[in-house]
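For reference, the structure is listed below as structure tokens.
There are 2 protein chains.
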Amino acid sequence: MATSSLAPPEVPMELHAGNRDRLLTALRAHLSATASPPRGIALLQGGEEQTRHCTDHLELFRQESYFAYLFGVREPGFYGAIDIASGQSILFAPRLPPDYAVWMGEIKPLPYFKDRYKVDLVFYVDEIVQVLQDRFSQHGKPVLFLLYGKSTDSGNYSKPASFEGIEKFDTDLGTLHPILTECRVIKSEMELGLIQYANDVSSEAHIEVMRQAKPGMKEYQLESIFLHHSYRYGACRHCSYTCICATGENSSILHYGHTAAPNDRTLNDGDMALMDMGAEYNFYGSDITCSYPINGKFNSNQATVYNAVLKAHNAVISHMQPGVKWVDMHKLAEQTILESLKNEKIIHGDIADMMTRRLGAVFMPHGLGHLLGIDTHDPGGYPEGLREAKGARTELLADHKRT
Amino acid sequence: MATSSLAPPEVPMELHAGNRDRLLTALRAHLSATASPPRGIALLQGGEEQTRHCTDHLELFRQESYFAYLFGVREPGFYGAIDIASGQSILFAPRLPPDYAVWMGEIKPLPYFKDRYKVDLVFYVDEIVQVLQDRFSQHGKPVLFLLYGKSTDSGNYSKPASFEGIEKFDTDLGTLHPILTECRVIKSEMELGLIQYANDVSSEAHIEVMRQAKPGMKEYQLESIFLHHSYRYGACRHCSYTCICATGENSSILHYGHTAAPNDRTLNDGDMALMDMGAEYNFYGSDITCSYPINGKFNSNQATVYNAVLKAHNAVISHMQPGVKWVDMHKLAEQTILESLKNEKIIHGDIADMMTRRLGAVFMPHGLGHLLGIDTHDPGGYPEGLREAKGARTELLADHKRT
Numbered sequence: 001m002a003t004s005s006l007a008p009p010e011v012p013m014e015l016h017a018g019n020r021d022r023l024l025t026a027l028r029a030h031l032s033a034t035a036s037p038p039r040g041i042a043l044l045q046g047g048e049e050q051t052r053h054c055t056d057h058l059e060l061f062r063q064e065s066y067f068a069y070l071f072g073v074r075e076p077g078f079y080g081a082i083d084i085a086s087g088q089s090i091l092f093a094p095r096l097p098p099d100y101a102v103w104m105g106e107i108k109p110l111p112y113f114k115d116r117y118k119v120d121l122v123f124y125v126d127e128i129v130q131v132l133q134d135r136f137s138q139h140g141k142p143v144l145f146l147l148y149g150k151s152t153d154s155g156n157y158s159k160p161a162s163f164e165g166i167e168k169f170d171t172d173l174g175t176l177h178p179i180l181t182e183c184r185v186i187k188s189e190m191e192l193g194l195i196q197y198a199n200d201v202s203s204e205a206h207i208e209v210m211r212q213a214k215p216g217m218k219e220y221q222l223e224s225i226f227l228h229h230s231y232r233y234g235a236c237r238h239c240s241y242t243c244i245c246a247t248g249e250n251s252s253i254l255h256y257g258h259t260a261a262p263n264d265r266t267l268n269d270g271d272m273a274l275m276d277m278g279a280e281y282n283f284y285g286s287d288i289t290c291s292y293p294i295n296g297k298f299n300s301n302q303a304t305v306y307n308a309v310l311k312a313h314n315a316v317i318s319h320m321q322p323g324v325k326w327v328d329m330h331k332l333a334e335q336t337i338l339e340s341l342k343n344e345k346i347i348h349g350d351i352a353d354m355m356t357r358r359l360g361a362v363f364m365p366h367g368l369g370h371l372l373g374i375d376t377h378d379p380g381g382y383p384e385g386l387r388e389a390k391g392a393r394t395e396l397l398a399d400h401k402r403t
Numbered sequence: 001m002a003t004s005s006l007a008p009p010e011v012p013m014e015l016h017a018g019n020r021d022r023l024l025t026a027l028r029a030h031l032s033a034t035a036s037p038p039r040g041i042a043l044l045q046g047g048e049e050q051t052r053h054c055t056d057h058l059e060l061f062r063q064e065s066y067f068a069y070l071f072g073v074r075e076p077g078f079y080g081a082i083d084i085a086s087g088q089s090i091l092f093a094p095r096l097p098p099d100y101a102v103w104m105g106e107i108k109p110l111p112y113f114k115d116r117y118k119v120d121l122v123f124y125v126d127e128i129v130q131v132l133q134d135r136f137s138q139h140g141k142p143v144l145f146l147l148y149g150k151s152t153d154s155g156n157y158s159k160p161a162s163f164e165g166i167e168k169f170d171t172d173l174g175t176l177h178p179i180l181t182e183c184r185v186i187k188s189e190m191e192l193g194l195i196q197y198a199n200d201v202s203s204e205a206h207i208e209v210m211r212q213a214k215p216g217m218k219e220y221q222l223e224s225i226f227l228h229h230s231y232r233y234g235a236c237r238h239c240s241y242t243c244i245c246a247t248g249e250n251s252s253i254l255h256y257g258h259t260a261a262p263n264d265r266t267l268n269d270g271d272m273a274l275m276d277m278g279a280e281y282n283f284y285g286s287d288i289t290c291s292y293p294i295n296g297k298f299n300s301n302q303a304t305v306y307n308a309v310l311k312a313h314n315a316v317i318s319h320m321q322p323g324v325k326w327v328d329m330h331k332l333a334e335q336t337i338l339e340s341l342k343n344e345k346i347i348h349g350d351i352a353d354m355m356t357r358r359l360g361a362v363f364m365p366h367g368l369g370h371l372l373g374i375d376t377h378d379p380g381g382y383p384e385g386l387r388e389a390k391g392a393r394t395e396l397l398a399d400h401k402r403t
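Residue numbers (the UniProt record's numbering), protein chains in the order written: chain A, 1 to 403; chain B, 1 to 403.
Below, the structure written as structure tokens:
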């Protein structure tokens, strides 16, 4: 029987108010630096529930990440606004039909959302034009700063808010995205607390998987144990990403576990397992991979590879500190792995030469790591003026996704 | 410790070949009856993997249901075709880039899909125009019958297949959808076998939830137990729908459990639970609801309501047989419930009068049931010529979704 020391924490909604303050500070600084009028409204549209193809099957909704960052709203169909001059925050809730109460649940009154999400004002979505015109037009039509920009991980563009009557406002598509994205890079203490908790849940769940794994089981049974431990004891309904429960040769497939490679192999005695799984709590995620022999005992080849990775991991951790370049840490990891493989006579030759030829990428085709937050690959980290760092990082990761 | 007698069955891919045969028979009969040329190609496009909003977070893919019905393909990015004259079935697989093997898994050769999915021919998606022109143009440009029609449950339209070069063919948007939809209504023995298995899994998982439920737990912990039992022991990675784990007053909300009402109440001594959960196996689903007191003992009010529903349930089952009208069974259920409530002096008056005024809809706002298959609300069942039945059913369900 599984046991757990987890205690799902109350979610501090002040966290999202803190995120809004961070955005306000950054936006005001930007407007000041560009000698622009110190006003306007940052307006975001939350996600909508989606049906699966043409059916009425509703996918379990998870809020769009930028909207979650600023407002923490779990429900679909919202808009959110922040008035740059006053700092006021406004939520616009969907007006639900009366039979929603029979089918979907209690129709919450507006003050419920004001209290829950710690915003200054709440209206209905169908009031958005009137509210913005009546309350925020003392300096003429307010400029709406909309979220539009490219995700450097997916290549997809965020969809700017749209609503009936938006043509009555001036809109700005270029300002908000880069500024908000950089806000997300440095986490507050409250954000770190949630990320820590999600990682605590995942650690415990990984250990439970490790305890139960044995030859003859299926990979998906390990996934199920992880999901169950995270949800039952950790209150994590979502994972940060689809569980990667790879054993045997599957362990070499970085993003194994999806529908076309669905964790369906039978575990053998002598297999290594590579378990890459992370739970999510109140939007904040985790990302933990661990490798171990299914039968509980490393053979010598397994130990060699494991120790090479461990040595690289420890080398990077001991060198990490403010001011150190990411790219140098990536190279340190590659070099440490190559040295270990050379010591074990798995590869031969001059390490400096191997580094020049990027041989390390054969053994570590992915990046050293990535930012973690509301997205597993949290955005940002390429501030203007640091093109050199971005270029170097991009080169290292050329033709690769981040893992 | 949970135990299980479940043994996930091999999936018979002949099932989908059987579904294709059913479609062929129906299409040929239709073309014959309308004196149309007995040829053309039914062409469907499978689903694509979706990222979450602008991020690179990939949602776990589940195949589009019509495509799953005909081809059983679990992977995204496919097209499938059936040549009406010859009966040949053709799959078109996406051509994957070489680094797919590093990131996503082994690139399966075309014969793998031919063998796995029991089709006659397999090509790449980028060969679709050439294949259709070279092999199926002996009578001139083949007509492509594309899937386009409205889901009566969601009001959404299915998206017809599209690909570069489709303008080189004649296309027909009206024929395939109603015919294929009606094919899905009557299930084959193999389909029934999978539906039975999914229901067996769900039954066992419901019983496990019932065993473990007790005051002080959270509703989501019951959901987690169900999901875990279905996946770990039943190999069911998907559910037919989001789990509804409703206790106390939540039990009166028909589709509780979604993100805005997320199974987060604490169970109290004295609560009734309404658990509406169903696992899915190889696309085929289940849908089981059971109600019981969390502390294991009905109080007299709970027993009254439970028995009223049970009596209606048993009345319908004992009257069901070929030729009986659905609407009459719905009315029988309503009348039986009203009679029970009158006997218990919860309502007063003339039952016939209550029936005329549709008082039953207050206590049973949903339909009596629905078709079940690859979708939880499986489509079809409104064959042409039965408008009367449809009208009556629609009236009964006026302003309501099916549950």
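Glycine residues also receive a C-beta, built at the ideal position from the N, C-alpha and C atoms.
The C-beta of Phe61/A comes closer than 8 Å to at least one C-beta of chain B.
In the assembly as shown, Lys187/B is a buried residue. Its beta-carbon has 16 or more other beta-carbons within 10 Å. With respect to Tyr220/A, Tyr281/B sits apart: the two C-beta atoms are not nearer than 8 Å.
The C-alpha of Tyr256/B is placed about 59 Å away from the C-alpha of Lys342/A. Asn301/B is classed as exposed because its beta carbon has fewer than 16 other beta carbons within 10 Å across all chains shown. Taking 9 Å as the cut-off between beta carbons, the residues of the segment 258-274 of chain B near chain A are His258, Thr259, Ala260, Ala261, Pro262, Asn263 and Asp264, in sequence order. Gly285/A is the residue among Asp200/A, Gly285/A and Gly18/A whose C-alpha sits nearest the C-alpha of Arg62/A. The C-beta of Cys54/A comes closer than 8 Å to at least one C-beta of chain B.
Membership of Met354/A in the alpha helix (DSSP H) is indicated by the continuous run Ile351 to Thr356. Distances from the alpha-carbon of Phe71/B to those of Asp378/B, Ile374/B and Ala261/B put Ile374/B closest. Here the alpha carbons of Gly165/B and Gly18/A stand approximately 52 Å from one another. Here DSSP, grouped into helix, strand and coil, assigns Phe145/A to strand. At least 8 Å separates the CB of His370/A from every CB of chain B. Three or more Cβ pairs closer than 8 Å define a contact, and the segment 176-193 of chain A falls short of that threshold against the segment 209-217 of chain A. Around Arg237/B, the same chain offers Tyr231 as residues with beta carbons nearer than 7 Å, after the five sequence neighbours per side are excluded.
The segment 25-40 of chain A and the segment 130-144 of chain A touch, with three or more beta-carbon pairs separated by less than 8 Å. DSSP places Gly80/A in the strand class (E or B) of the three-state scheme.
Annotated three-state conformation of Ala93/A is strand, per DSSP.
By DSSP's assignment, Asp172/A forms a beta bridge with Phe145/A. The alpha-carbon separation between Ala315/B and Leu332/B amounts to approximately 7 Å. By the neighbour-count definition (other C-beta atoms within 10 Å, threshold 16), Thr247/B is a buried residue. The DSSP assignment places complete beta strand (DSSP E) segments of no fewer than 3 residues inside the segment 275-347 of chain A at 288-293, in order along the chain. For the pair Met272/A and His206/A, the CB atoms are not nearer than the 8 Å cut-off.
Contact between the segment 148-163 of chain B and the segment 334-349 of chain B is absent, with fewer than three C-beta pairs closer than 8 Å. Assignment of Gly18/A by DSSP, reduced to helix, strand and coil, places it in the helix class. Boundaries of the beta strand (DSSP E) around Gln45/B: Ile41 to Gln45. DSSP, read as helix, strand or coil, puts Phe71/B in helix. The Cβ atoms of Val185/A and Tyr117/A do not sit closer than 8 Å to each other. Within the segment 144-220 of chain A, complete alpha helix (DSSP H) segments of at least 4 residues are found at 176-183 and 189-212, given in chain order. The contact set of Asp375/A on chain B, defined by CB atoms closer than 7 Å, consists of Thr55 and His57 in chain order. Sequence-distant Cβ neighbours of Ile225/A in its own chain, meaning closer than 7 Å and more than five residues away, are Glu208, Val209 and Gln212. Using a Cβ-Cβ distance cut-off of 8 Å, the segment 77-90 of chain A and the segment 10-29 of chain A are in contact, since at least three pairs of beta carbons, one from each stretch, lie closer than that value. Exclusion of the five residues before and after Glu127/B leaves Phe92 as the residues of its chain whose Cβ lies within less than 8 Å of its Cβ.
Cβ proximity to chain A below 8 Å picks out Tyr220, Gln221, Glu223, Ser224, Ile225, Leu227, His228, Tyr231, Arg232, Ala235 and Arg237 from the segment 219-237 of chain B.
Assignment of Gln133/A by DSSP, reduced to helix, strand and coil, places it in the helix class.
Excluding five sequence positions before and after Asn199/B, the CB atoms of its chain that fall closer than 7 Å to its own CB belong to Ser286 and Ile288, given in chain order.
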